[in-house]
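A.B. asks:
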Amino acid sequence: MSKLADRIFESVKAKPGQKARDIATQLGVDRPSVNSVLYGQLKGKVEQDRTYRWYVRDAVGGVRRREDDAQQHLDTPLAKLCRYYLDCLSHDDLGGVSEFASSMYGAPSYVELSSLPIFDENGGNPFDSDTARQLLGRVRRDRNRQTLFLGYPVRLKLVRCRRSNWEGFMVEPLFLFSTSSGD
Numbered sequence: 532m533s534k535l536a537d538r539i540f541e542s543v544k545a546k547p548g549q550k551a552r553d554i555a556t557q558l559g560v561d562r563p564s565v566n567s568v569l570y571g572q573l574k575g576k577v578e579q580d581r582t583y584r585w586y587v588r589d590a591v592g593g594v595r596r597r598e599d600d601a602q603q604h605l606d607t608p609l610a611k612l613c614r615y616y617l618d619c620l621s622h623d624d625l626g627g628v629s630e631f632a633s634s635m636y637g638a639p640s641y642v643e644l645s646s647l648p649i650f651d652e653n654g655g656n657p658f659d660s661d662t663a664r665q666l667l668g669r670v671r672r673d674r675n676r677q678t679l680f681l682g683y684p685v686r687l688k689l690v691r692c693r694r695s696n697w698e699g700f701m702v703e704p705l706f707l708f709s710t711s712s713g714d
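Reading the sequence shown from the start, the letters are residues 532 to 714 in the working numbering.
#1: Using DSSP's beta-bridge definition, name the partner residues of serine 646.
#2: Identify the continuous beta strand (DSSP E) that holds arginine 482 and give its terminal residues.
#3: Could you check what DSSP says for aspartate 599 in three-state terms: helix, strand or coil?
#4: Please classify glutamate 698 as buried or exposed, where buried requires at least 16 neighbouring CB atoms within 10 angstroms.
#5: Tell me which residues share the same chain as proline 704 and place their Cβ nearer than 7 Å to its Cβ, disregarding the 5 neighbours each side in the sequence.
#6: Please state whether the Cβ-Cβ distance between arginine 639 and valine 587 is less than 8 Å.
#7: Could you name each continuous alpha helix (DSSP H) segment of 4 residues or more that falls completely within the stretch 624-708, going from the start of the chain to the end?
#8: Expressed to the nearest angstrom, what Euclidean distance is found between the alpha-carbon atoms of leucine 535 and tyrosine 616?
#9: Does DSSP put glutamine 557 in a helix, a strand or coil?
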């Protein structure tokens, strides 16, 4: 290995998760030279992730990343709450998550459950009703890859149209829980 390759390897080893641009700046060389060494002389010793960050490979062949050190902290209550909150934000558009309580154009895009699945002592399937099976079928057939969520508790929000005399209710969940349809 060349002297530059040794310096680049030590830089990645000392500070995993750097981009080639950062390594080049730190070592005072140009980025194409760093990329040439990373993809050439250091191939098999370092590996790049999807975000173009470089990591040293373990002797076993696995990649040692900064996330591996953080894995032990991922199951704390705060981490779970943060993941839940970020998941909710990812589904939130400025108007929030809401559906019309009744639809003039067919079945609504939600199903009312008689009980929460986790508290159902009979262990019943929440998709046992005809309306639930129809909703599940619509989601599976949809090309936009809709996903199912359990919203609990829900509130009904009265909506009035200023242009006409229409008024109706929107169903808005306070908490969203992701579900799996059991494909």
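A virtual CB, placed ideally from N, CA and C, is assigned to each residue, including glycine.
Keep in mind it's a predicted model, so treat the numbers as computed, not measured.
C.D. replies: To lay it out plainly:
#1: Paired residue(s): none; serine 646 is not in a bridge.
#2: Here the chain comprises residues numbered 532 to 714, so residue 482 is not present and cannot be evaluated.
#3: Here the model assigns aspartate 599 a pLDDT of 48, short of 50, so the residue's position is not dependable, and the following value carries that caveat. Aspartate 599 carries a helical assignment under DSSP once its states are collapsed to helix, strand and coil.
#4: Looking at its Cβ environment, which holds fewer than 16 other Cβ atoms inside 10 Å, glutamate 698 is exposed.
#5: Excluding five sequence positions before and after proline 704, the CB atoms of its chain that fall closer than 7 Å to its own CB belong to Val628, Gly682, Tyr683, Val685, given in chain order.
#6: According to the sequence displayed, residue 639 carries proline and not arginine. No, they are not a contact pair.
#7: Those alpha helix (DSSP H) runs which fall completely within the stretch 624-708 and span 4+ residues are 661-672.
#8: Between leucine 535 and tyrosine 616, the C-alpha separation is close to 44 Å.
#9: The DSSP-derived three-state label of glutamine 557 is helix.
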